[in-house]
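Numbering (the UniProt record's numbering), first residue to last: 1 to 118.
The beta carbon of each residue, even a glycine, is placed where N, CA and C say it ideally should be.
Quick look at the structure:
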C-alpha cells in the first residue's frame, strides 16, 4: 500500500470527480485561498508594476460569482498577496528598476494612488 496522502475522489457511480495531493498542501488565510491567483495573473503587468486585475481574474471572478456569492468578495479584492508572494518574494537576481516597478505596483494597489520617486 502506498499511503503518501494522495486521494482520488469519485461520485456514487465511481466517476472521478477530483484528485487531491496533500504533499504540498498548507493552510492559508481565506484572502490567499480565494484571492487573485497566479494562474490568472498577467505576470508582465505585475513585474512592470501595473495595478489592476487581469482578464483572467475577471473571468474567474464571474465564474465564482455564479457558484458562491460569498467567496467572490475575496477574489475581487486587491491582489496584494499575489504581488508579495509571486513578485518581490521571488526577486532574486532582479534589477533595481524591476524591483522599483514591483514596489510601485504594490504601493499603488495598497494606497489606491501612484507613488512617484526616483
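Around the beta-carbon of residue 106, 16 or more other beta-carbon atoms lie within 10 Å, marking it buried. DSSP, reduced to helix, strand and coil, places residue 38 outside both helices and strands of the structure shown, so it counts as coil. Within the DSSP secondary-structure output, residue 6 pairs in a beta bridge with 21. Nearest to residue 73 by C-alpha distance, out of 36, 94, 98 and 85, is 36. Beta-bridge pairing by DSSP links residue 16 to 10. CA-CA distance, residue 64 to residue 48, rounds to 28 Å.
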